[in-house]
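Under the working numbering, think of the first position of the sequence shown as 1, with each following residue one higher.
What follows is a single structure, written as structure tokens, with notes after it.
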Amino acid sequence: MPNFDPKYNSMSLTTTPVISVEKTSQSKIENVDFSNLVFGKVFTDHMFECEFKNGHWQNASIRPYGPLEIDPSAKVFHYGQAVFEGMKAYKDEDGSVFLFRPDENIKRINRSSKRLAIPEFPEELFFQALHQLIELDKEWIKPGLGNSLYIRPFVIATENCVSASPSDSYKFIIILSPAQAYYTGEVKVVFAEKYSRAADGGVGYAKAAGNYAAQFYPTNLAKEKGFQQVVWTDANEHKYLEEAGTMNVFFRVNNTLLTAPTNDRILDGVTRKSVIALARRNGVDLEVRPVTVDEIVTAAKQGHLKEIFGAGTAAVISPVSGFSYKDITYDLPLQEDSFAAKFKKELTEIQHNLAEDPFGWRYKVM
Ligand code: COI
Numbered sequence: 001m002p003n004f005d006p007k008y009n010s011m012s013l014t015t016t017p018v019i020s021v022e023k024t025s026q027s028k029i030e031n032v033d034f035s036n037l038v039f040g041k042v043f044t045d046h047m048f049e050c051e052f053k054n055g056h057w058q059n060a061s062i063r064p065y066g067p068l069e070i071d072p073s074a075k076v077f078h079y080g081q082a083v084f085e086g087m088k089a090y091k092d093e094d095g096s097v098f099l100f101r102p103d104e105n106i107k108r109i110n111r112s113s114k115r116l117a118i119p120e121f122p123e124e125l126f127f128q129a130l131h132q133l134i135e136l137d138k139e140w141i142k143p144g145l146g147n148s149l150y151i152r153p154f155v156i157a158t159e160n161c162v163s164a165s166p167s168d169s170y171k172f173i174i175i176l177s178p179a180q181a182y183y184t185g186e187v188k189v190v191f192a193e194k195y196s197r198a199a200d201g202g203v204g205y206a207k208a209a210g211n212y213a214a215q216f217y218p219t220n221l222a223k224e225k226g227f228q229q230v231v232w233t234d235a236n237e238h239k240y241l242e243e244a245g246t247m248n249v250f251f252r253v254n255n256t257l258l259t260a261p262t263n264d265r266i267l268d269g270v271t272r273k274s275v276i277a278l279a280r281r282n283g284v285d286l287e288v289r290p291v292t293v294d295e296i297v298t299a300a301k302q303g304h305l306k307e308i309f310g311a312g313t314a315a316v317i318s319p320v321s322g323f324s325y326k327d328i329t330y331d332l333p334l335q336e337d338s339f340a341a342k343f344k345k346e347l348t349e350i351q352h353n354l355a356e357d358p359f360g361w362r363y364k365v366m
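Here it is in structure tokens:
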């Protein structure tokens with residue numbers, strides 16, 4: 001059960017949480033070139049911030065985007081007690097704004113928080129914050145497929161103390177960044193043979209900040225060889241293909257689509273589960289089961305491996321053009337009528353209110 005201030009004590013929508021608002025005196029929007037956005041570099045005019053102290057979430061506020069003042073001894077800097085989420089808002093041609101399955105993100109950040117001994121955040125306050133923040137910065141969302149507003153909620157441990165134990169204070173923050181593509185060029189991957197991302201009983205399923213930092217060094221090694229991402233394999237045997245650095249991963253062998261089941265090493269991706277639903281709706285032969293390196297290498301050698309693609313909020317659906325394993329590179333053929341292109345079209349049309357939403361995934365903000 002989350003701890004929160006009594007004024008937020010209803011998880012139903014009967015009480016409106018109180019969020020203080022200070023608007024910016026000068027918007028930055030005129031300085032932004034929305035046709036040339038580098039992912040994650042530009043932020044909107046406002047941010048949401050809420051503190052946890054004395055056992056309650058309190059002092060919820062929206063204020064102009066800007067630096068935080070944090071003591072150098074804050075636990076987040078020493079022990080990485082931090083979790084985050086990634087979600088997106090989309091605008092249709094009529095100016096309506098939608099989120100995509102936002103209930104999944106608040107549930108997942110609270111699952112991540114629980115694993116990192118961080119107090120959970122009240123769902124109602126999360127939705128209220130999103131509504132108010134997006135309303136203020138809605139001009140930053142551009143319509144059209146390919147445009148979105150990337151939403152980054154995160155929690156950091158703020159107690160000023162370097163003892164290695166959970167913090168007694170935290171900040172829950174939401175920042176917003178107008179976005180286009182995450183990957184611009186082609187994506188080639190390396191199958192991990194030495195390093196690991198996650199282990200049984202660990203934090204792989206959580207969006208813990210440290211999960212990403214731990215990938216940077218092996219990913220740099222892959223980049224030096226001309227590959228953009230690592231596909232992580234299980235830590236015990238490096239036998240099963242599990243997750244790409246910022247995405248879940250799918251393999252198409254002939255006309256069968258394969259992806260690993262989620263477990264405590266693999267992120268329960270919202271895009272992943274949406275692709276699975278779309279594949280089922282399309283009658284695609286889908287197997288959610290452990291996928292071995294051997295079977296994919298063999299399929300590639302025999303010409304049966306048709307596609308690999310990643311699925312994630314930031315990256316949407318990104319086709320992989322080749323992979324390397326044991327220093328051999330396997331290029332994937334350019335696929336006419338690829339599953340990646342089909343699911344990306346169906347998914348983004350639902351997100352942008354250009355298609356029916358039979359799953360009830362769209363959440364209208366305004
Ligand atoms: C997302 O897709 O939202 C992610 O978490 C990837 C991020 C590390 C850029």
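Beta carbons are placed, not taken as given, at the ideal position from N, Cα and C, and that holds for glycine.
Which residue's Cα is closest to the Cα of residue i: the options?
i	options	result
L278	A341, P261, D331, V155	A341
T256	T271, I276, N248	I276
Y79	V162, I141, E120	V162
K88	E51, K138, K28	K138
D168	A355, G40, E51, S20	E51
W57	F121, G66, N263	F121
H131	I174, P64, E336, T158	I174
L347	K75, L99, P67	L99
K444	K344, F339, R272, N254	The displayed coordinates of the chain run from 1 to 366. Any statement about residue 444 would go beyond what the structure contains.
E336	E307, F359, E349	E307
G310	T158, Y183, I156, G283	Y183
V231	P218, N220, K239, A192	A192
E295	K273, K41, K114, K239	K239
L305	L334, M47, N36	L334
A117	A164, M47, E356	A164
F172	R115, I106, F34, D200	I106
Are residue i and residue j close, meaning C-beta to C-beta below 8 Å?
i	j	result
S321	L332	yes
I62	K207	no
S371	V190	Here the chain has residues from 1 to 366 only, and residue 371 is not among them.
R265	G210	no
Q229	A213	no
L21	V365	What sits at residue 21 in the sequence shown is Val, not Leu. Not in contact: V21 and V365 (Cβ atoms no closer than 8 Å).
A260	E242	yes
L133	L176	yes
A129	Q81	no
T24	P72	no
P178	K142	yes
V293	T219	no
T246	G312	yes
A74	E159	yes
Y150	G66	no
Y363	P119	no
V404	F251	No answer is possible for residue 404: it lies beyond the span of the chain, which begins at 1 and ends at 366.
State the beta-bridge partners of residue i as determined by DSSP.
i	result
L258	F251, E287
E186	Answer is none; E186 lacks a bridge partner.
R367	A query on residue 367 cannot be resolved here, the shown segment of the chain reaching from 1 to 366 and no further.
S318	G310
I407	Examination of residue 407 is not possible in this model, given that the chain is present from 1 through 366 alone.
M87	I151
E243	W232, N248
I174	F48, P153
S324	V190, T329
L99	A89, Y363
T292	Y240
Just how far apart, CA to CA, sit residue i and residue j?
i	j	result
V316	E123	25 Å
P153	R280	31 Å
L354	D92	8 Å
H352	L286	26 Å
S112	Y205	8 Å
Y90	W140	10 Å
A181	V38	8 Å
Y170	G185	38 Å
G95	L145	14 Å
F126	N248	25 Å
A198	G269	15 Å
S338	Y195	31 Å
K345	L267	23 Å
E30	F43	13 Å
G40	A314	10 Å
H46	T262	35 Å
E237	N54	45 Å
K225	A299	23 Å
Are the C-beta atoms of residue i and some chain D residue less than 8 Å apart?
i	result
K75	The structure shown contains no chain D; it holds only a single protein chain.
Pocket of ligand 1 (residues with CB nearer than 5 Å to any heavy atom), chain order: G86, T246, G312, T313, A314
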